Structures are given as C-alpha cells and as structure tokens.
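Colleague:
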C-alpha cells in the first residue's frame, strides 16, 4: 500500500532568483543577442525532456501553461472561490513540475502529486472557463493523482516502473541488446528513444528536424542477436521534429552574432546534429566548444547527461547559457595556473597522478538560462571520453547557483547554536568545494 503523504509536492519549497543582471549588462549588444537565441533554442528542447520522463508529462505541462495563460497570471478570482491555501498548493505543484520538467523529481526519480484534492483541482480548472483547460485536465487527471507500486518511480517499465525512453514494455536485456547493436555500428544512443514493435523488432527514434535519413551516420537497419534469437532494428527520424526545427532556426540566428570562427564552427555542428540526428556532429561541436576558451557568453546544448535513462546511455536534453563572473574566474584561474605546484604537495606519490598535468580551462559563470530538469552548481564536460583525453574539457562553476539561498530557513542536521556560524561561511566553503572539481 502506497503512503500518499510521501509523494505530495513539497510545500514552502525554497524559490530563489538566480540574478545575473549586472553581469548581463556588461555584455555587448552582439553578445546579448547571441545569448538570447541560444536561450530560445534551449527552451524549445523542453518537450524532449518531458517526453523522456513519463507519458503524461507533456500534457501536464500544457495544462499548467494553459491555466496560467487563461487567467493572465491573476489567480485572485480562484482564490476568492477556493481560498489562498488551495491556490498556494496548486502553484507549488506547478512550480515543482516546471522545475523538474516532469512529474518525477530530477533528483531521486520519485513521482510527486498535488497537495490539493482532485476535486479542488477540477474546480480550479472550471473557474478558468476554458474548454481547452478542461479537456487537458480530463485527459491527465487520473495520471496526475495515480499512485501505485507501478508508477511511483522512474525505471524499467518491464519491472513495473515508468520511463519515456522506452516505448512499450522493453526489458533491460532487450535494451542492452539494442545498445550493443548500435555500438557495433559506431552509433551513439544519447539522442534516441527505443520502441518495441514485436518481440524481435525494434524502432530507434532519432531526435532530429529531418524526418528522413539525411546522413551516412545511420544505416537503414541493423540485424543482431538477443541471446540466441535473431532480432533487428530500424531507425525512425524526426523525434521532436517540430521543436528541433525551431532549435535549428534560433541557432542559425545565434551564428550571426558569434564572436569568432570557433563559435561559428561549433554552431554549425550543433545545427547539423539537431537537423540530421548525427551524434558525430555533436561530438565535433564539443571539440570546437573546448577550443573556445573563455568566451564572454558560455553555452552548451544537447543530450548531455544520462542519469534518468534506466540503461544509463540515453541523454536528457539540456542547454546552458551563462555569462562570465570575471572576479571569481580570475581568482580560481590563478588556482588552476598553480595547480601543478599544489598537486606535488598532496599526501601521495606521483604514481597516483597523470604523467603530465594539463590545466583545464576554468570559468565561473552566472546562469542566464538553464533548460533542463535541474540546475547543477558546477559541471565538467564534455562527457565524450576521447574528446576529454585528446582535446580537453572545461570546468564550469555556476556562481549564482553556488551562492543561492532562499530566505533564512534553518539548515537541516545542524543545531541551532551553530546556524549563524554555518551561514557565515556557507557560500565560501561551497565555492571552494565546487570550483576545483575534477581538476586532477
């Protein structure tokens, strides 16, 4: 029996404004336009995230946005009918959903449902006087509130969990067979989802603007073995086609405001990847990205992290757009420059270190846009091992995330008598913890 209280949306969750205004205002008009179009491109990929989470996530997203549009951001009429508490609980659910881009937590993969009753939610919907809102709610209301052992966690649908990466029930063994078949042809799976057509036939859906195979990267089909049984897979292009057309459109605009030829080449590779589905093109974009040292506007976009795919191979769409925090970058840039000297003082022998230490590029950034299911405090990318080994990587610290704190709520697991001391040094200590990640 599922305990409903364990799955209610958070109440009084901290909401923090990630202010980057002062850093954004230091950018030139050209740089601001570059950031704008990358931001638009990133958000056009949001539905790719929703579709990879759960079957109902996209419609819940549409419902939340349509309610907000219909009431024109003014919930006072609904408050008069249902009370402040109901509206507050609805907005807490909506904000948590939008923050996670789905009805499962991005950290923990656990489903959450509104604290308001289904009846109150239905009344709220009726008060919008919108047929569109009503139809959307009717379509997803059972899925919004449904809680049972088969839908409380993301995971393999063959084991009773939920995923949007695998359409129809696919076992772990079948997915691994498909992954091995793709790997045998040098095809990376990050931008794909898999559909099981029959017991031994699979369709690999490729995220792309094009709905036809326009690149030599993909064969028409692949024959492989599942255990000792023959199986085959084919490719279907145009997953998220409408959205990826918009992504490519805004990247074309961003290219007009690129600061240098390296950025132009990077964007051209992005456009090729998102148009045709070629992951080789995306890998090449990361080569150019690593070589674009200390840009005024830092960007990265694509199917990057693979945490939410049960098999750990398919990526989730994300887009980072940020501008440089010059003061913090200079401070930790000095630390990077002297890292070789610091490494020699560590309490172990040089046998445990690389033969040659190559200082990574380090930049502290202020987030302007992060399109995805959760904003990290720092990232170390790209994730392509051969690019990291042969070209390099970047350590990116997101300064306004590091320093973010909502109000004066007490910190868990710390006694009252040390709260003030903890808060005094919290930002500085977290900065030191995050900034040097993966330098050695």
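Residue numbers (my numbering): 10 to 449. Think of the CB as a built atom: it goes at the ideal place given N, C-alpha and C, for glycine as much as any other residue. Every value quoted in this text rests on a predicted model; they were computed, and no experiment measured them.
Given a cut-off of 8 Å, decide if residue 156 and residue 11 are closer than it, judged by their beta-carbon atoms.
Modeller: Yes, these two residues count as a Cβ contact at 8 Å.
Colleague: Give every residue of the same chain whose Cβ lies closer than 7 Å to the Cβ of residue 255, excluding the five residues on either side of it in the sequence, and list them in chain order.
Modeller: Same-chain partners within the cutoff: 53.
Colleague: Jot down the residue ranges of each uninterrupted alpha helix (DSSP H) in the segment 120 to 165, minimum 4 residues, whole runs only, in chain order.
Modeller: Counting whole runs of 4 or more residues, the segment 120 to 165 contains the alpha helix (DSSP H) stretches 127 to 136 and 140 to 154.
Colleague: State buried or exposed for residue 137, treating a residue as buried only when at least 16 other CB atoms are found within 10 Å of its CB.
Modeller: When all chains shown are included, residue 137 counts as buried.
Colleague: Count the other CB atoms, across all protein chains shown, that sit within 10 Å of the CB of residue 323; report buried if there are 16 or more and exposed otherwise.
Modeller: Buried.
Colleague: Using a 10 Å radius around the Cβ and a threshold of 16 neighbouring Cβ atoms, would you call residue 78 buried or exposed?
Modeller: Exposed.
Colleague: Taking 8 Å as the threshold (C-beta atoms), are residue 259 and residue 216 in contact?
Modeller: Not a contact, by the Cβ cut-off of 8 Å.
Colleague: Closest to residue 47 by C-alpha separation, out of 336, 385 and 276, would be which residue?
Modeller: Ranking the options by Cα distance to residue 47, first place goes to 276.
Colleague: What residue range does the alpha helix (DSSP H) around residue 285 cover?
Modeller: Taken as a continuous stretch (DSSP letters only), the alpha helix (DSSP H) holding residue 285 covers 270 to 285.
Colleague: Take the Cβ of residue 372 as the centre, count every other Cβ of all protein chains shown within 10 Å, and call the residue buried at 16 or more, exposed below.
Modeller: Classification for residue 372: buried.
Colleague: Counting only the same chain and skipping the five closest in sequence on each side, list residues whose C-beta sits under 7 Å from that of residue 238.
Modeller: Here the set comprises 209.
Colleague: Would you identify the three-state DSSP class for residue 359, choosing helix, strand or coil?
Modeller: Helix at residue 359.
Colleague: Three or more beta-carbon pairs under 8 Å between the segment 325 to 344 and the segment 305 to 316, yes or no?
Modeller: The segment 325 to 344, when compared against the segment 305 to 316, does touch it at the 8 Å Cβ threshold.
Colleague: Would you kindly check if the distance between the Cβ of residue 388 and the Cβ of residue 405 is under 8 Å?
Modeller: It is a contact, given that the beta carbons lie within the stated cut-off.
Colleague: Could you tell me the distance, in whole angstroms, from the CA atom of residue 374 to the CA atom of residue 127?
Modeller: Roughly 42 Å between the two C-alpha positions.
Colleague: Can you name, in chain order, every residue of its own chain whose Cβ lies under 7 Å from the Cβ of residue 257, other than the five neighbours on each side?
Modeller: Hits under 7 Å: 218, 280, 283 and 284.
Colleague: Excluding the 5 residues flanking residue 185 on each side, which residues of the same chain have their C-beta closer than 7 Å to its C-beta?
Modeller: The answer, listed in chain order, is 320.
Colleague: Would you tell me roughly how many angstroms separate the C-alpha atoms of residue 402 and residue 132, rounded to the nearest one?
Modeller: Cα-Cα distance, rounded: 52 Å.
Colleague: Going straight from the alpha carbon of residue 268 to that of residue 245, what length do you get?
Modeller: If I take the Cα positions, the gap works out to 36 Å.
Colleague: Would you say residue 298 and residue 381 are within 8 Å of each other, going by their C-beta atoms?
Modeller: No; because the gap between Cβ atoms is not below 8 Å, this pair is not in contact.
Colleague: Using 8 Å as the threshold, is the C-beta distance between residue 376 and residue 410 below it?
Modeller: Yes, these two residues count as a Cβ contact at 8 Å.
Colleague: Quick one: is residue 30 buried, meaning 16 or more other Cβ sit within 10 Å of its Cβ, or exposed?
Modeller: So residue 30 ends up on the exposed side.
Colleague: Helix or strand or just coil, what does DSSP make of residue 214?
Modeller: Residue 214: strand per DSSP, three-state reduction.
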